[in-house]
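J.: To start, I am sharing the structure in question, which I have written as structure tokens.
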Amino acid sequence: MNINDVVSLEKLSSTALICLNNPPVNAASQALRSGLKQAVEEADADPEIKVIALYGEGRTFVAGADIKEFGKPPLEPMLPELVNEIEASDTPIISVLHGTALGGGLEIALGTHARVALPDLKVGLPEINLGLLPGAGGTQRTPRLIGIPAALEMILSGRHVPAEEALALGLIDRIVEGKPRDVALKAAQDVLNGELTTRRTDQITTKADHAHLDEVEAKLQATKAHLFSPHKCVEAVRASTLPLDEGLRVERQAFLECMQTPQRAGLIHAFFGERAVSNVPEAKHTPKPYDRIGVIGGGTMGSGIATACLLSGLSVTLVETSQEALDRGLGTIAKNLDGAEKRGKLSTDKRAAVDAALSSALSLDALAEADLVIEAVFEDMAVKKEIFQSLDKICKSDAILASNTSYLDINDIAAVTSRPENVLGLHFFSPAHVMRLLEVVIGDKTADSVSATGFALAKRLKKVAVKSGVCDGFIGNRILAHYRKTAAYLVLDGASPAQVDQALEKFGFAMGPHKVGDLAGLDIDWMTRRRKAETRAPEERYSGAIADQICENGWLGRKTGKGYYLYEGKSITPNPEVAEIIDAQRQKDGISPRHFTDKEIVDCYMCAMISEAVRVLEDKIAARPLDIDMVLLFGYGFPRHRGGPLHYADTIGIETLIDRIETYATEDNFYWQVPDLLRTMAKENKTFADLNR
Ligand code: T1G
6 MNINDVVSLE KLSSTALICL NNPPVNAASQ ALRSGLKQAV EEADADPEIK
56 VIALYGEGRT FVAGADIKEF GKPPLEPMLP ELVNEIEASD TPIISVLHGT
106 ALGGGLEIAL GTHARVALPD LKVGLPEINL GLLPGAGGTQ RTPRLIGIPA
156 ALEMILSGRH VPAEEALALG LIDRIVEGKP RDVALKAAQD VLNGELTTRR
206 TDQITTKADH AHLDEVEAKL QATKAHLFSP HKCVEAVRAS TLPLDEGLRV
256 ERQAFLECMQ TPQRAGLIHA FFGERAVSNV PEAKHTPKPY DRIGVIGGGT
306 MGSGIATACL LSGLSVTLVE TSQEALDRGL GTIAKNLDGA EKRGKLSTDK
356 RAAVDAALSS ALSLDALAEA DLVIEAVFED MAVKKEIFQS LDKICKSDAI
406 LASNTSYLDI NDIAAVTSRP ENVLGLHFFS PAHVMRLLEV VIGDKTADSV
456 SATGFALAKR LKKVAVKSGV CDGFIGNRIL AHYRKTAAYL VLDGASPAQV
506 DQALEKFGFA MGPHKVGDLA GLDIDWMTRR RKAETRAPEE RYSGAIADQI
556 CENGWLGRKT GKGYYLYEGK SITPNPEVAE IIDAQRQKDG ISPRHFTDKE
606 IVDCYMCAMI SEAVRVLEDK IAARPLDIDM VLLFGYGFPR HRGGPLHYAD
656 TIGIETLIDR IETYATEDNF YWQVPDLLRT MAKENKTFAD LNR
């Protein structure tokens with residue numbers, strides 16, 4: 006019988022089957038919780054029923070609490086109380102798990118008295134990825150079953166644990182082939198005939214291990230001091246040595262504290278943003294075929310793109326201009342694939358098929374039958390135009406021609422072909438087989454089916470695809486080109502490169518801008534500054550004087566052992582000769598250096614990033630604020646727990662942002678201008694979250 010839309014209860018002599026069916030992932034929504042509560046109470050109260058078996062329909066057992074409910078008023082019944090009620094049932098309750106039993110889903114299962122898994126099962130407690138902790142008993146019951154060290158590792162990593170490992174750990178009791186309902190029926194029978202032992206987790210006592218907890222906490226202080234929930238996880242797990250009701254109280258308090266943090270809001274914004282960003286009209290059209298990929302250029306980008314396509318089961322023809330360059334590209338691809346095997350991203354038995362899917366050539370003629378060609382050669386418009394003109398003659402009429410350019414005008418490239426509707430930009434980020442961001446740059450004449458193909462390819466490559474319009478630098482590089490100047494201005498005005506880096510690393514960036522520059526190679530920006538020199542506005546305060554001198558000295562960063570920093574083995578120290586260049590430049594510019602606090606550095610840097618992001622929105626280069634957030638998260642190392650620059654902007658407030666920009670503008674009213682959209686939002690009392698809806 007249906008308890009409600011998502012829960013049904015079946016009584017078969019002395020067995021009760023409870024089925025959860027809340028697509029797409031059986032999230033523990035309010036409906037699922039209330040239906041499950043009602044079904045358990047009814048079955049437990051029925052004297053005919055001697056065993057209850059719980060299972061999920063669809064592709065997975067419960068994959069967690071319903072994240073869409075977070076940040077809203079809580080709805081009864083609450084999951085922790087429901088799990089306690091399941092555990093307290095007089096009638097033995099077992100659960101059958103398949104797919105991904107995660108978070109609250111695993112916690113429901115831990116409240117049952119035995120757990121039976123299908124072979125494809127993965128379990129996990131990924132709440133930490135949302136700035137939370139397992140809040141329905143996971144921090145109390147998991148240590149009881151598998152010990153504090155293993156429980157803490159699962160909770161702090163949030164990783165998915167395969168069924169075999171879960172069995173070995175003691176999280177599940179057996180692995181059985183079959184359909185969830187059939188396995189549930191059989192397991193219920195096994196309980197009745199004594200072949201499947203049931204036990205309540207609350208009857209188990211956790212073995213104390215405070216030394217391990219202290220060691221883990223010390224490591225977290227050193228590596229994740231800026232995050233909130235990891236430390237609360239340790240606190241809650243430590244309480245698992247107390248009686249269960251006391252431990253659950255500690256867990257609940259810790260969970261509610263995590264729920265209140267901006268970090269939880271930022272991480273949930275990132276979770277949904279990663280899924281919403283490719284939900285654009287263009288992606289809904291039917292894509293064209295793209296199984297046969299041509300990649301032109303075997304440099305870092307081309308070989309990375311080829312690797313990504315090969316790892317996704319596509320066939321690739323790599324084209325270069327010389328045998329030496331081709332061999333270099335093929336060698337890079339082989340190295341990338343070796344790495345993928347080492348990282349477990351490619352099984353050894355699949356390697357042969359992947360290698361067989363790769364062919365190479367020295368002539369573009371080899372691309373005559375390609376469905377989609379991705380050009381990844383030197384960033385020079387003349388070279389690209391020549392290649393696209395040739396491709397236009399060689400490739401079949403409905404082949405798609407894409408450029409991986411990171412800033413050049415896709416419309417100009419399309420214009421040299423007879424098929425501008427089949428031309429778009431696919432801007433990968435280096436290394437292309439690792440970085441998840443892909444900017445799908447749609448030209449004025451790009452056909453919807455071609456744009457849809459860009460999104461379909463991104464999905465196949467497990468990339469986060471973001472739609473971009475055409476401008477210099479598209480979304481990410483345009484914003485980067487703007488806010489990177491702020492770092493240079495801060496150094497000219499008194500901060501040191503290392504101080505700017507440290508302030509931003511404390512804010513959450515993996516690396517500050519000077520370290521990033523040293524890593525990428527300072528010559529890349531040097532080339533960009535020279536490219537833009539002739540179009541630079543005379544009013545613009547030149548930000549490159551110091552960096553130019555560094556490059557003129559041949560100090561290009563890590564690859565030359567010297568840049569903003571000195572690189573000797575593992576040691577990285579600020580380059581003292583750069584400090585001399587900075588002092589000399591300040592004297593030349595008549596600047597008396599002033600002290601900056603870390604907060605001033607972060608506020609200024611973030612204001613620059615936000616203001617250019619708003620202009621990218623105004624110019625309709627990005628469709629929504631969340632699109633820009635995902636670009637910065639997945640392509641530029643923006644701290645995920647802050648959700649992205651425009652989600653973060655909402656935590657500052659529009660008025661405050663306008664005030665800050667106007668204050669900065671008193672010193673430089675060319676670089677610092679309040680975008681019109683920001684003033685409009687202030688007038689209409691709108692947030693960026695409003696613009697995402
Ligand atoms: N709540 C609500 N919606 C969810 C959801 C969830 N937990 N998980 C997924 N979805 C939506 C998702 O937004 C997408 O929607 C669709 O389902 C398919 O997801 C008390 C507090 C399960 C591994 O963190 O890791 O329990 O875009 O595209 O690639 O301790 O979804 O189609 O509209 O990702 O096959 C803990 C989060 C929650 C798991 C499937 N659980 N989800 O991956 O599909 S907190 C999680 C995932 C918690 C308790 C605490 C993945 C997946 P749409 P998808 P997928």
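In the numbering used here, each number is its position in the sequence shown, counted from 1, plus 5. Positions of the beta carbon are idealized from the N, C-alpha and C atoms, including for glycine. Keep in mind the model is a prediction, meaning the values are calculated, not measured.
1) Taking C-alpha atoms, which residue in A687, R297, S368, R620 lies nearest to D664?
2) When the Cα atoms are used, what is the spatial distance from A486 to V188?
3) Taking just the CA atoms, how far does F601 sit from A500?
4) Can you check which of these residues, K224, D403, R257, D632, is closest to S423 by C-alpha distance?
5) Looking only at its own chain, which residues have a Cβ that is under 7 angstroms from the Cβ of T565, when we skip the five neighbours before and after it?
6) Can you list, in chain order, the residues of its chain with a C-beta nearer than 7 angstroms to that of S237? Leave out the 5 residues immediately preceding and following it.
7) For the alpha helix (DSSP H) holding E557, just list the boundary residues, first then last.
8) Are the CB atoms of S39 and P79 within a distance shorter than 8 angstroms?
9) What is the DSSP secondary structure of E132, counted as helix, strand or coil?
10) With DSSP run on the structure shown, which of helix, strand or coil describes Y60?
11) In terms of residues, what are the limits of the alpha helix (DSSP H) holding P85?
12) Using only CA atoms, which one of P680, P436, A358 lies nearest to G307?
13) Sorry if obvious, but does the Cβ on N580 come closer than 7 angstroms to a heavy atom of ligand 1?
14) Would the C-beta of L140 count as close to ligand 1, meaning under 7 angstroms from any of its heavy atoms?
15) Looking at C-alpha atoms only, which residue of D354, L315, V221 is the closest neighbour of L462?
16) Out of curiosity, what's the CA-to-CA distance linking R645 and K537?
17) Given the structure, does L161 come close to ligand 1, in the sense that its CB is under 7 angstroms from one of the ligand's heavy atoms?
18) In the DSSP assignment, find the unbroken alpha helix (DSSP H) run with K16 in it and report its ends.
19) Near P97, which residues of its chain fall below 6 angstroms by C-beta distance, leaving aside the five closest residues on each side in sequence?
20) Over what stretch of residues does the alpha helix (DSSP H) that includes K184 continue unbroken?
21) Quick check on DSSP: helix, strand or coil for I379?
22) Leaving out five residues before and five after N697 in sequence, what residues of the same chain have Cβ atoms less than 7 angstroms from its Cβ?
23) Could you please give the first and the last residue of the uninterrupted beta strand (DSSP E) stretch that includes D24?
24) Please say whether A270 and G648 have beta carbons closer to each other than 8 angstroms?
25) Using the three-state DSSP reduction, which class does G302 fall into: helix, strand or coil?
26) When you compare only the Cα positions, how much space is there between P598 and L218?
27) In whole angstroms, what separates the C-alpha of V679 from that of D376?
28) By DSSP's criteria, H432 is part of a beta bridge. Which residues make up the other side?
29) Kindly confirm or deny that the segment 272 to 285 and the segment 139 to 150 touch, where touching means at least three C-beta pairs closer than 8 angstroms.
30) Is P167 a contact residue of ligand 1, with contact defined as CB to any heavy atom under 7 angstroms?
31) Ends of the alpha helix (DSSP H) at E74?
32) Measure the CB-CB distance between L524 and C556 and report whether it falls below 8 angstroms.
33) In chain order, what residues of the same chain lie with their CB nearer than 7 angstroms to the CB of A313, ignoring the 5 residues before and after it?
34) To which residues of the same chain is A68 closer than 8 angstroms at the C-beta, ignoring the five residues directly before and after it?
35) What's the call for A114, buried or exposed, on a 16-neighbour Cβ count within 10 Å?
36) In the DSSP assignment, find the unbroken alpha helix (DSSP H) run with T578 in it and report its ends.
T.: Taking the structure as given:
1) Ranking the options by Cα distance to D664, first place goes to A687.
2) A486 and V188 have their alpha carbons spaced roughly 58 angstroms apart.
3) Taking the straight line joining both Cα atoms gives about 6 angstroms.
4) Cα-wise, what sits closest to S423 is D403.
5) Answer for T565: G559, listed in chain order.
6) The displayed chain sequence assigns Lys, not Ser, to residue 237. Correct list, in chain order: L138, A259, E262, C263.
7) In the DSSP annotation of this structure, the continuous segment of the alpha helix (DSSP H) that includes E557 starts and ends at 550 to 557.
8) Cβ distance not < 8 angstroms, so P79 and S39 don't count as in contact.
9) The DSSP-derived three-state label of E132 is helix.
10) Note: Y60 maps to strand in three-state DSSP.
11) For P85, the enclosing alpha helix (DSSP H) starts and ends at 84 to 92.
12) For G307, the nearest C-alpha among the options comes from P436.
13) It does not: the Cβ of N580 is nowhere closer than 7 angstroms to a heavy atom of ligand 1.
14) The residue you asked about is not Leu; residue 140 is Gly in the sequence shown. Residue side-chain check: G140 places its Cβ nearer than 7 angstroms to a non-hydrogen atom of ligand 1.
15) Comparing C-alpha distances from L462 to each of D354, L315, V221 shows the shortest one belongs to L315.
16) Approximately 32 angstroms, taken between the alpha carbons.
17) Taken from the Cβ of L161, every heavy atom of ligand 1 lies 7 angstroms or farther away.
18) No alpha helix (DSSP H) contains K16, which is instead part of the beta strand (DSSP E) from 12 to 17.
19) Taking P97 as the centre and dropping the five residues before and after it, the same chain places the C-beta of V56, H118, V196, T203 closer than 6 angstroms to its C-beta, in chain order.
20) Taken as a continuous stretch (DSSP letters only), K184 belongs to no alpha helix (DSSP H), as it is neither H nor E.
21) Per DSSP, reduced to three states, the secondary structure at I379 is strand.
22) Hits under 7 angstroms: R629, P630, L631.
23) A quick correction: the sequence has Cys, not Asp, at residue 24. DSSP places C24 in the uninterrupted beta strand (DSSP E) bounded by 20 to 25.
24) With respect to A270, G648 sits close: the two C-beta atoms are nearer than 8 angstroms.
25) G302 sits in coil when the DSSP states are folded into three classes, being neither helix nor strand.
26) The straight-line gap separating the alpha-carbon atoms of P598 and L218 is approximately 46 angstroms.
27) The alpha-carbon separation between V679 and D376 amounts to approximately 45 angstroms.
28) DSSP lists E444 as partners of H432.
29) No: fewer than three Cβ pairs fall under 8 angstroms.
30) No - ligand 1 has no heavy atom lying nearer than 7 angstroms to the Cβ of P167.
31) Per DSSP, E74 belongs to no alpha helix (DSSP H) and is neither H nor E.
32) Not closer than 8 angstroms, so no.
33) If we look at A313 and ignore the five residues flanking it on each side, its Cβ neighbours are A437, H438, L466.
34) Answer for A68: V30, N31, A32, G104, T105, A106, L107, G108, G110, listed in chain order.
35) Buried is the call here.
36) From DSSP, T578 is part of no alpha helix (DSSP H) but of the beta strand (DSSP E) over 576 to 579.
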